[in-house]
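Colleague:
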Ligand SMILES: [Zn+2]
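Numbering (this note's numbering), first residue to last: 309 to 393.
What follows is the structure, encoded as structure tokens:
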């Protein structure tokens with residue numbers, strides 16, 4: 309089974325603290341139990357952003373900055389259209 313984990317190493321600066329990537333206020337990240345990216349909502353500004361568990365930390369990014377592999381909706385679309393390599 310192929311995964312995209314190896315391509316998810318590009319991280320924006322400051323991705324280790326739990327701050328909203330939009331307003332930079334502290335908010336609690338709620339990553340998935342596995343390495344799948346999930347949407348979280350900022351408790352300060354209410355915007356939706358992506359939280360993704362990496363190997364040794366948790367990363368958050370804005371939707372417009374996320375590659376398709378880190379966007380839950382984009383992943384679903386891609387998988388639905390055929391998972392051939
Ligand atoms: Zn925010």
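We put the CB at the ideal spot given by N, CA and C, even for glycine. Computed from a predicted structure; not experimentally measured.
1) With a threshold of 16 other CB atoms inside 10 Å of the CB of residue 348, please say whether the residue is buried or exposed.
2) At what residue ranges does the region 312 to 376 contain a whole run of the beta strand (DSSP E), taking only runs of 3 or more?
3) Following a CB-centred definition, is residue 336 positioned closer than 7 Å to any heavy atom of ligand 1?
4) Exposed or buried, residue 335, counting other C-beta atoms within 10 Å across all chains shown (16 or more means buried)?
5) Does the distance between the C-beta of residue 330 and the nearest non-hydrogen atom of ligand 1 fall short of 7 Å?
6) Can you give me the C-alpha to C-alpha distance between residue 376 and residue 358, rounded to a whole angstrom?
7) By how many angstroms is the C-alpha of residue 338 removed from the C-alpha of residue 370?
8) Given a cut-off of 8 Å, decide if residue 350 and residue 372 are closer than it, judged by their beta-carbon atoms.
Modeller: The structure says:
1) The residue is buried, with at least 16 neighbouring Cβ atoms inside 10 Å.
2) 346 to 349, 356 to 361 and 366 to 369
3) no
4) buried
5) yes
6) 11 Å
7) For residue 370 and residue 338, the distance between alpha carbons rounds to 15 Å.
8) no
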